[in-house]
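Mapped onto this note's numbering, the consecutive letters of the sequence shown carry residue numbers 397 to 521. Even glycine gets a Cβ: it sits at the ideal position worked out from N, Cα and C. All remarks here apply to the structure that follows.
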Amino acid sequence: MKTPSDVYRVVPVDLSQVVFERIRHKNSILEFSPELRLDVTMDEESGQLYIVEDAELGICAHAHTREDLVDEIAAQVAFNWHEYAQCEPEKLAKGARRVREALIARVSVKGEREMAATVFVRPAD
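Below, the structure is given as structure tokens:
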């Protein structure tokens with residue numbers, strides 16, 4: 397049982413989906429089709445961490461705030477795009493190939509001049 401001294405942060409908890417339309421990666425924009433919708437949960441042990449997992453895209457992100465969670469998700473998507481989608485499939489393990497295929501199926505790359513933006517995230521409907 398938690399006591400008042402176990403409470404480290406008191407803020408409203410927003411567990412609505414995180415929705416990405418686009419993510420900046422280097423000099424490009426990664427655009428999702430359909431948009432990337434991720435369910436948000438809190439860790440059961442401490443109740444202090446927002447968590448998002450999407451095995452298909454290789455995302456396992458956690459953070460103390462939603463804003464940090466959004467940044468972490470964007471960083472993981474950009475990393476996965478660079479490391480898996482832009483790699484020759486025969487150089488990847490089976491699981492990494494699945495992530496590569498899922499990314500290629502969902503993401504198109506736009507040049508920075510086509511879309512001047514950083515991370516596009518909007519509230520779920």
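Asked	Found
In terms of DSSP beta bridges, what is R420 paired with?	I425
Report buried or exposed for V414, applying the criterion of at least 16 other Cβ atoms within 10 angstroms of its Cβ.	buried
Under 8 Å by Cβ, that's how I've got E427 and K506 pegged, so tell me the actual separation to the nearest angstrom.	6 Å
Leaving aside the five residues before and after E449 along the sequence, list all residues of the same chain whose C-beta is less than 7 Å from its C-beta, in chain order.	I455 and C456
Pop quiz: H421 and A501 are said to be a contact at Cβ under 8 Å. What is the actual Cβ separation, rounded to whole angstroms?	That belief does not hold up - the Cβ atoms of H421 and A501 are roughly 17 Å apart, past 8 Å.
What's the call for A481, buried or exposed, on a 16-neighbour Cβ count within 10 Å?	buried
Exposed or buried, what is N423 when buried is set at 16 or more other beta-carbons lying within 10 Å of its beta-carbon?	exposed
Just verifying my parser: in three-state terms, what is the DSSP assignment at A522?	Residue 522 falls outside the range modelled here, since the chain spans only 397 to 521, and no answer is possible.
Following the continuous alpha helix (DSSP H) through E468, name the residue where it begins and the one where it ends.	R462 to N476
Can you list, in chain order, the residues of its chain whose CB lies under 8 Å from that of Q472, leaving out five sequence neighbours each side?	G454, I455, C456 and A457
Locate the beta strand (DSSP E) running through V503, then write down its first and last residues.	V503 to G507
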